[in-house]
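Those letters in the sequence shown? Residues 1 to 186, per the working numbering, in order.
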Amino acid sequence: MTARCVVLPKGINVGGHNRVPMAELRPKLAEAGYTDPVTILQSGNIIVTADQPDDAPGPTSVAAAVAASVQQLLADEFDVHVPCVARTAAEIEAILERNPLRHLADDGSRYLVNFLSDEPSPVAVRELTEADHTPEVLHVEGSEAYVWAPDGIKALRLTYAHLERHFGVTATARNWNTLERIAAKL
1 MTARCVVLPK GINVGGHNRV PMAELRPKLA EAGYTDPVTI LQSGNIIVTA
51 DQPDDAPGPT SVAAAVAASV QQLLADEFDV HVPCVARTAA EIEAILERNP
101 LRHLADDGSR YLVNFLSDEP SPVAVRELTE ADHTPEVLHV EGSEAYVWAP
151 DGIKALRLTY AHLERHFGVT ATARNWNTLE RIAAKL
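Now the structure itself:
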């Protein structure tokens, strides 16, 4: 059995740092045993098909294994050391379907999904969601934190770095427009 996974490296090809040429990455992913490797945009959004062991406890563990493997590949092949977070194709589709801030978010470039490496503690979630972040809106569900930033990303206070510090996890964010582009390639 196979699983289609989306790997979201944190901070590659941003401002000239952590350069990974996408045209070189795709064949390296294939050499590593992934089939149908696709990259979307230059920020390193990666889609691969991975073998799912019959004894794998669930799709999330497959995504976590793929994230760790791609993280190591980036380090070995490109000397780029960044954390990676991954979700299965089904999880990405469910995120888009849920869209918990659809009643507010009317601009996909200002609507972020922060992908967290682990589900934060309920206490940490409650502390952050009950705080006033006006005009920004935060909604946390499982290991995703949705942020509506009506004043734009440059003015954002609920950054992935802020979420990482508060929740004690790794986070990487993609805006809604990018997520829809990723889903279109699944």
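Glycine included, C-beta positions come from ideal geometry on N, C-alpha and C.
- Rounded to the nearest angstrom, the Cβ distance from Val85 to Pro120 is 13 Å, too far for a contact under 8 Å.
- Of the residues assessed, Ala131 falls on the exposed side of the cut-off, its CB having fewer than 16 other CB atoms within 10 angstroms.
- For Ala30, the enclosing alpha helix (DSSP H) has its first and last residue at Met22 to Glu31.
- Put simply, of Leu29, Ile40 and Pro122 the residue whose alpha carbon is nearest the alpha carbon of Ala184 is Ile40.
- CA-to-CA, the gap between Gln52 and Ser109 works out to about 34 Å.
- Here Cys5 is near Val66, since their CB atoms are less than 9 Å apart.
- A straight-line Cα-Cα distance of about 31 Å links Glu91 and Gly16.
- For the region 78-110, the full-length beta strand (DSSP E) segments reaching 3 residues or more read 84-88 along the chain.
- Here His166 is not bridged, per DSSP, to any residue.
- The three-state secondary structure of Asn13, taken from DSSP, is coil.
- In the displayed model, Arg157 falls within coil according to three-state DSSP, outside both helix and strand.
- A straight-line Cα-Cα distance of about 24 Å links Ala50 and Val113.
- The closest CA to that of Glu144, considering only Thr129, Gly152 and Lys154, is found on Thr129.
- By a beta-carbon distance limit of 8 Å, Ser43 contacts Val14. Their separation comes to about 7 Å.
- With contacts defined by Cβ atoms closer than 9 Å, Leu25 and Ile47 do not form a contacting pair.
- A straight-line Cα-Cα distance of about 22 Å links Glu97 and Glu136.
- Non-local C-beta neighbours of Trp176 in its own chain, meaning closer than 6 Å and more than five positions away in sequence, comprise Gly108 and Tyr111, ordered along the chain.
- A distance below 9 Å separates the beta carbons of Leu163 and Ala171.
- For Asn18, there is no enclosing alpha helix (DSSP H), since its DSSP letter is neither H nor E.
- If you check the CB distance, Pro9 and Val62 do not come in under 9 Å.
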